[in-house]
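Enquirer: Those protein sequences? They're chains A and B, same order as listed. Okay, so the first sequence: first residue is 102 according to the numbering used here, each after it adds one. Okay, so the second sequence: first residue is 102 according to the numbering used here, each after it adds one. Built from N, CA and C at the ideal position, the CB exists for glycine as well.
Protein chains: 2
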Amino acid sequence: MTEQQPQFELRDEDELSLDLIEAQYALKDSRDKKNAKSVLVLVSGIELAGKGEAVKQLREWLDPRYLKVKADAPKLLSSNQTFWQSYTRFIPAEGQIVVMFGNWYSDLLSTAMHVSKPLDDNLFDAYIEQMRSFENDLENNHVHVIKVWFDLSWKSLQKRLDQVDASEQHWHKLHGLDWRNKKQYDTLQSLSQRFTDDWFIIDGEDEALRDQCFAQYVLQTLKALPSHQTKVTEKWQQAEVPKALLEPEKASLEKSDYKEELNKLSKKVADALRYDDRKVIIAFEGMDAAGKGGAIKRIVKKLDPREYEIHSIAAPERYELRRPYLWRFWSKLSDGGKITIFDRTWYGRVLVERIEGFANAVEWQRAYDEINRFENNLVDCQTVLVKVWLAISKDEQELRFKEREKTPHKRFKITEEDWRNREKWDDYLNAAADMFERTDTDYAPWYVIATDDKYTARIEVLKAILKQLKAD
Amino acid sequence: MTEQQPQFELRDEDELSLDLIEAQYALKDSRDKKNAKSVLVLVSGIELAGKGEAVKQLREWLDPRYLKVKADAPKLLSSNQTFWQSYTRFIPAEGQIVVMFGNWYSDLLSTAMHVSKPLDDNLFDAYIEQMRSFENDLENNHVHVIKVWFDLSWKSLQKRLDQVDASEQHWHKLHGLDWRNKKQYDTLQSLSQRFTDDWFIIDGEDEALRDQCFAQYVLQTLKALPSHQTKVTEKWQQAEVPKALLEPEKASLEKSDYKEELNKLSKKVADALRYDDRKVIIAFEGMDAAGKGGAIKRIVKKLDPREYEIHSIAAPERYELRRPYLWRFWSKLSDGGKITIFDRTWYGRVLVERIEGFANAVEWQRAYDEINRFENNLVDCQTVLVKVWLAISKDEQELRFKEREKTPHKRFKITEEDWRNREKWDDYLNAAADMFERTDTDYAPWYVIATDDKYTARIEVLKAILKQLKAD
Chain A
102 MTEQQPQFEL RDEDELSLDL IEAQYALKDS RDKKNAKSVL VLVSGIELAG
152 KGEAVKQLRE WLDPRYLKVK ADAPKLLSSN QTFWQSYTRF IPAEGQIVVM
202 FGNWYSDLLS TAMHVSKPLD DNLFDAYIEQ MRSFENDLEN NHVHVIKVWF
252 DLSWKSLQKR LDQVDASEQH WHKLHGLDWR NKKQYDTLQS LSQRFTDDWF
302 IIDGEDEALR DQCFAQYVLQ TLKALPSHQT KVTEKWQQAE VPKALLEPEK
352 ASLEKSDYKE ELNKLSKKVA DALRYDDRKV IIAFEGMDAA GKGGAIKRIV
402 KKLDPREYEI HSIAAPERYE LRRPYLWRFW SKLSDGGKIT IFDRTWYGRV
452 LVERIEGFAN AVEWQRAYDE INRFENNLVD CQTVLVKVWL AISKDEQELR
502 FKEREKTPHK RFKITEEDWR NREKWDDYLN AAADMFERTD TDYAPWYVIA
552 TDDKYTARIE VLKAILKQLK AD
Chain B
102 MTEQQPQFEL RDEDELSLDL IEAQYALKDS RDKKNAKSVL VLVSGIELAG
152 KGEAVKQLRE WLDPRYLKVK ADAPKLLSSN QTFWQSYTRF IPAEGQIVVM
202 FGNWYSDLLS TAMHVSKPLD DNLFDAYIEQ MRSFENDLEN NHVHVIKVWF
252 DLSWKSLQKR LDQVDASEQH WHKLHGLDWR NKKQYDTLQS LSQRFTDDWF
302 IIDGEDEALR DQCFAQYVLQ TLKALPSHQT KVTEKWQQAE VPKALLEPEK
352 ASLEKSDYKE ELNKLSKKVA DALRYDDRKV IIAFEGMDAA GKGGAIKRIV
402 KKLDPREYEI HSIAAPERYE LRRPYLWRFW SKLSDGGKIT IFDRTWYGRV
452 LVERIEGFAN AVEWQRAYDE INRFENNLVD CQTVLVKVWL AISKDEQELR
502 FKEREKTPHK RFKITEEDWR NREKWDDYLN AAADMFERTD TDYAPWYVIA
552 TDDKYTARIE VLKAILKQLK AD
């Protein structure tokens with residue numbers, strides 16, 4: 102994203118406004134169409150450099166009904182929330198422009214400047230790298246991100262502070278920074294140098310040009326939005342299907358032993374989940390009828406419904422499709438319960454969406470890294486992620502399907518679609534194999550559990566949870 | 102809602118499950134159709150009476166993919182958040198069933214039992230009345246609400262507490278209540294008597310019957326969902342159109358006087374908004390081209406974008422239409438900024454939706470009271486609501502429309518629809534007249550401001566804000 106800083110000159114305001122509105126309407130009209138895009142504008146900078154005025158002016162020049170400004174005072178980054186967690190709800194949908202006046206960079210700067218023990222440079226740089234990766238993932242998911250920094254010299258800042266009203270003075274001292282403190286100013290300037298090389302820098306000195314520079318940069322962005330990437334550059338290396346999937350083990354457990362073991366383990370799991378200081382996410386994938394529901398039932402056996410939340414993931418809704426595919430999981434996690442269980446997950450992207458063609462090759466091939474980053478961010482923020490694949494054999498699935506068809510109150514569990522998916526058995530095995538190869542990470546490993554014997558499978562799931570909780 | 106308690110007997114589990122699933126699918130299929138409904142199940146009661154188990158069992162018998170359980174530990178009711186604010190996001194959409202295991206009643210009980218100074222009976226009863234009104238409004242907006250109380254005698258409770266594991270003991274002491282304390286138990290029982298007469302009471306003594314009673318009550322509810330009310334019972338009394346709307350005053354203000362006054366007042370307003378301890382909502386309505394955008398611009402003139410949020414209200418999206426019409430405003434308010442400005446509001450229900458027939462007569466006629474309750478709840482919770490109607494004359498509107506058509510960068514502001522709306526000028530005046538008559542309350546009065554002279558109008562809007570902030 103590093104590029105030559107564009108140069109802008111003052112234009113006729115009405116003409117600029119007209120151009121902006123036309124570009125805005127073109128963006129709006131792209132919704133639900135090929136190459137639909139959204140635009141996210143991150144704004145930060147020195148106080149009183151005029152970013153507030155520039156944003157207000159942009160709102161005047163655009164059609165304000167289709168511009169969302171999300172402006173919060175900076176928050177301190179916390180050790181148990183990812184930097185994006187409080188913002189993802191406001192990520193624009195296709196056709197929308199959102200200006201984030203408060204954003205992950207302002208939070209980071211705030212954190213770096215405020216904690217009694219400041220962030221060391223390495224940690225600061227690590228955050229910056231994570232943020233850029235996140236923005237890159239947004240970009241690839243059709244949210245075009247631009248970043249604008251409003252700069253102002255120490256001398257001008259002091260002059261402007263002299264001139265503002267008492268009540269505004271108050272505002273400009275709020276939220277931590279004291280803009281009368283030269284040392285703080287210098288620290289902020291040197292921190293900003295560490296990450297603004299891919300930002301558009303606006304000099305806040307000249308008020309008229311400042312607003313126009315901002316608006317013209319937005320206009321230039323709107324007029325040159327990149328098309329969706331659809332060409333795959335490399336040949337895909339299909340991973341070998343692991344034996345655990347081709348021939349799941351046929352264990353067998355006596356009912357009485359199972360009952361005893363289950364009783365013991367479900368208590369142990371409940372306690373382990375309950376008293377762990379971290380949040381826990383348990384994610385289930387596997388072929389139809391592999392027993393995900395049954396396994397979940399045994400996990401929550403000794404828990405109270407107030408202690409956990411279960412999300413059953415079906416096909417996305419229209420308004421979810423207009424955003425990055427991880428968006429609906431971001432928003433489910435932002436409620437932030439202690440224990441969250443997913444019956445099917447974000448891995449749908451590289452399973453059903455890959456196989457059915459809902460995601461094109463570029464999209465699903467890119468998704469492994471996106472998912473790894475997503476999970477890594479969560480684990481970094483005191484979340485334990487337990488990923489379970491329930492491996493059923495093709496014969497056992499057929500038995501269970503037929504059993505479902507015969508049983509009136511289970512018939513709803515089996516549809517034409519399940520039989521159709523079964524015909525794509527090998528595609529699913531291949532997709533699962535690629536998934537394990539690329540997302541079986543040290544921070545969030547996969548537990549592949551043979552499930553032809555339901556009793557054994559349920560016990561193994563409980564053991565996997567205990568193992569992962571103790572894993573680090 | 103007070104009715105005979107239904108009596109249930111043990112049924113074959115598989116048959117019960119089948120009936121439940123069929124009823125659940127019928128509900129699901131009602132989505133987007135005539136008489137579409139959703140079901141909200143509120144669950145509360147004595148600890149260890151088995152509500153957790155009953156909810157888990159219901160999840161087993163239903164198709165769990167289409168049952169959402171929202172279970173939180175109780176929160177204390179706060180003086181600056183309405184009792185519904187944290188729950189409205191989870192109100193079910195058409196076709197959905199949601200079980201709220203934590204809900205406004207558990208919060209109320211918690212509050213009543215915990216504060217050092219307990220709620221007095223009058224306040225407790227006032228809350229109950231508000232909650233019932235809110236549920237009644239949900240009901241009228243097609244969210245069918247049922248309430249289930251799980252009861253347990255003191256003796257049985259103590260016996261069960263003796264039997265549970267140490268770790269569960271811990272859970273059952275969490276969140277305030279000590280279930281070993283007979284006095285607390287008695288207080289809770291006597292408080293519950295004050296509101297459970299319209300609840301379905303389940304005796305938690307018999308575990309098997311308990312789960313079945315719950316499930317069968319849900320089934321009975323699903324099978325007998327009421328149709329939407331569509332028949333208007335009384336003749337509508339059209340209010341007289343006030344003179345302020347028929348002939349808005351033609352004031353006139355010199356530009357230089359305006360500039361001076363605006364400068365003074367916008368600072369005053371910024372300070373008043375900024376330093377008021379309460380939240381402030383400023384709501385604009387009025388004919389097209391009445392100058393809502395211009396007025397908003399002057400309100401925020403001296404504010405920083407981090408201090409306020411502006412919502413421009415357009416036609417609802419599909420997923421919003423599947424919920425009560427106030428839902429999209431509930432969710433916008435739950436982000437809870439200090440200053441929130443609405444460019445068009447929930448009054449769309451009794452204006453455009455009434456006139457265009459998007460809401461039928463029963464719906465819009467009921468909406469006045471619903472809106473009043475909504476606003477009253479907000480004002481009760483330390484929110485100031487400033488409602489402004491900008492009154493333009495028909496001639497002035499025509500001038501502004503033509504001016505917009507002539508000006509390239511303003512042309513987007515004028516569409517065929519605006520001209521069509523203009524043809525319904527008298528309908529809008531009548532609708533506005535009814536709205537003032539019914540929603541001009543002492544806690545949230547309307548400010549009708551003549552706007553043919555833009556300068557005067559903008560000044561008057563600022564004065565109205567100052568006035569309402571000082572009103573109580």
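For Ser118 (chain B), would you say it is in contact with chain A, using Cβ-to-Cβ distances shorter than 8 Å as the test?
Expert: So yes, Ser118 (chain B) belongs to the interface.
Enquirer: For Ala396 (chain A), does the three-state DSSP call read helix, strand or coil?
Expert: Helix at Ala396 (chain A).
Enquirer: Using 8 Å as the limit for Cβ to Cβ distance, is Ser435 (chain B) near chain A?
Expert: It does not; no Cβ of chain A falls within 8 Å.
Enquirer: Since Ser139 (chain A) and Ala194 (chain A) are thought to touch, with beta carbons under 8 Å apart, how far apart are those beta carbons, to the nearest angstrom?
Expert: With a Cβ gap of about 6 Å, Ser139 (chain A) and Ala194 (chain A) count as contacting.
Enquirer: Is His245 (chain A) helix, strand or coil when you go by DSSP?
Expert: It is a strand residue.
Enquirer: Using a Cβ-Cβ distance cut-off of 8 Å, determine whether Leu111 (chain A) contacts chain B.
Expert: For Leu111 (chain A), the answer is no, since every Cβ of chain B falls outside 8 Å of its Cβ.
Enquirer: Could you list which residues in chain B have their beta carbon closer than 8 Å to that of Phe513 (chain A), in chain order?
Expert: Result: Ile122, Tyr126 and Asp164.
Enquirer: Measuring alpha carbon to alpha carbon, tell me which residue in A:Val562, A:Asp481 and A:Lys514 is nearest Ala545 (chain A).
Expert: Closest option to Ala545 (chain A), Cα to Cα, is A:Asp481.
Enquirer: From the DSSP secondary-structure annotation, give me the bridge partner or partners of Gly146 (chain A).
Expert: A:Phe251, per the DSSP bridge assignment.
Enquirer: In angstroms, rounded to a whole number, what distance separates the CA positions of Thr552 (chain B) and Lys356 (chain B)?
Expert: Going by the C-alpha atoms only, they are around 15 Å apart.
Enquirer: With H, G and I counted as helix, E and B as strand and the rest as coil, what does DSSP make of Glu410 (chain B)?
Expert: DSSP places Glu410 (chain B) in strand when its eight states are reduced to three.
Enquirer: Who are the neighbours of Glu418 (chain B) on chain A, taking C-beta pairs under 9 Å?
Expert: In chain order: Arg419 and Tyr420.
Enquirer: Kindly indicate the opening and closing residues of the beta strand (DSSP E) around Met201 (chain A).
Expert: From DSSP, the beta strand (DSSP E) with Met201 (chain A) extends over Ile198 to Met201.
Enquirer: State the beta-bridge partners of Lys171 (chain B) as determined by DSSP.
Expert: For Lys171 (chain B), which the question treats as bridged, DSSP gives the partners B:Met201.
Enquirer: Answer with buried or exposed for Gln105 (chain A), where buried requires no fewer than 16 other C-beta atoms within 10 angstroms of its C-beta.
Expert: Exposed: under 16 other Cβ atoms inside 10 Å.
Enquirer: Once the 5 residues before and after Pro425 (chain B) are set aside, which same chain residues still bring their CB inside 6 Å of it?
Expert: Only Asn242 meet the Cβ criterion.
Enquirer: At which residue ranges does the stretch 479 to 558 of chain B contain complete alpha helix (DSSP H) runs of 4 or more residues, listed in the order of the chain?
Expert: Taking only runs of at least 4 residues, the alpha helix (DSSP H) segments lying wholly in the stretch 479 to 558 of chain B are 495 to 507, 517 to 524 and 526 to 540.
Enquirer: DSSP three-state call for Glu386 (chain A): helix, strand or coil?
Expert: It is a strand residue.
Enquirer: Using the beta-carbon of each residue, which ones in chain B are nearer than 7 Å to His510 (chain A)?
Expert: Residues of chain B passing the Cβ test: Asp115, Ser118, Leu119 and Ile122.
Enquirer: Measure the alpha-carbon distance for Leu323 (chain A) versus Thr441 (chain B) and round it to whole angstroms.
Expert: Cα to Cα, Leu323 (chain A) sits roughly 28 Å from Thr441 (chain B).
Enquirer: Of the residues B:Ala373, B:Asn473 and B:Ile198, which one's Cα is nearest the Cα of Lys439 (chain B)?
Expert: Among B:Ala373, B:Asn473 and B:Ile198, the Cα nearest to that of Lys439 (chain B) is on B:Ala373.
Enquirer: Here's the rule I'm using: 16 or more other beta-carbon atoms within 10 Å means buried, otherwise exposed. How should Gly151 (chain A) be labelled?
Expert: Per the 10 Å Cβ criterion, buried.
Enquirer: Does the Cβ-Cβ distance between Ser435 (chain A) and Arg190 (chain A) come in under 8 Å?
Expert: Yes, these two residues count as a Cβ contact at 8 Å.
Enquirer: Determine contact between the stretch 487 to 498 of chain B and the stretch 386 to 395 of chain B, defined as no fewer than three beta-carbon pairs at a distance below 8 Å.
Expert: Output reads yes: the stretch 386 to 395 of chain B touches the stretch 487 to 498 of chain B.
Enquirer: Closest by CA to Lys336 (chain B), which one among B:Met536, B:Gln466 and B:Lys284?
Expert: Here the closest residue by C-alpha is B:Gln466.
Enquirer: Checking 8 Å against the spacing of the C-beta atoms, do Ala309 (chain B) and Leu111 (chain B) come in under that value?
Expert: Yes, the pair counts as a contact, with Cβ atoms nearer than the cut-off.
Enquirer: With Ile456 (chain A) as the anchor, note down where its alpha helix (DSSP H) starts and where it stops.
Expert: Ile456 (chain A) -> alpha helix (DSSP H) spans Val453 to Glu457.
Enquirer: Glu161 (chain B) and Lys398 (chain A) look like a contact to me (Cβ under 8 Å); what is the Cβ gap, rounded to whole Å?
Expert: 7 Å between Cβ atoms; contact.
Enquirer: Output, in sequence order along the chain, the residues in the stretch 203 to 216 of chain A whose CB is closer than 8 Å to any CB in chain B.
Expert: Residues passing the 8 Å Cβ filter: Gly203.
Enquirer: In the structure shown, what three-state DSSP assignment does Pro111 (chain B) receive?
Expert: Inspection of the sequence shows that residue 111 (chain B) is occupied by Leu rather than by Pro. In the structure shown, Leu111 (chain B) sits in coil (DSSP, three-state: anything other than H, G, I, E or B).
Enquirer: At least one CB of chain A closer than 8 Å to the CB of Glu161 (chain B): is that the case?
Expert: For Glu161 (chain B), the answer is yes, since a Cβ of chain A falls inside 8 Å of its Cβ.
Enquirer: Give me, in chain order, the residues of the same chain whose beta-carbon lies closer than 7 Å to that of Gly449 (chain A); leave out the 5 immediate sequence neighbours on both sides.
Expert: The answer, listed in chain order, is Ile414.
Enquirer: Out of A:Leu239, A:Leu141 and A:Leu224, point me to the one whose CA is closest to Asn249 (chain A)'s CA.
Expert: Checking the sequence shown, residue 249 (chain A) turns out to be Val, not Asn. When each option's Cα is compared against that of Val249 (chain A), the closest is A:Leu141.
Enquirer: Any Cβ of chain B within less than 8 Å of the Cβ of Asp173 (chain A)?
Expert: Answer yes: the Cβ-Cβ gap between Asp173 (chain A) and chain B drops below 8 Å somewhere.
Enquirer: Show which residues of chain A have a CB atom less than 9 Å away from the CB atom of Ala137 (chain B).
Expert: Simply none; closest approach about 16 Å.
Enquirer: So, helix, strand or coil for Lys380 (chain B), using DSSP?
Expert: DSSP places Lys380 (chain B) in strand when its eight states are reduced to three.
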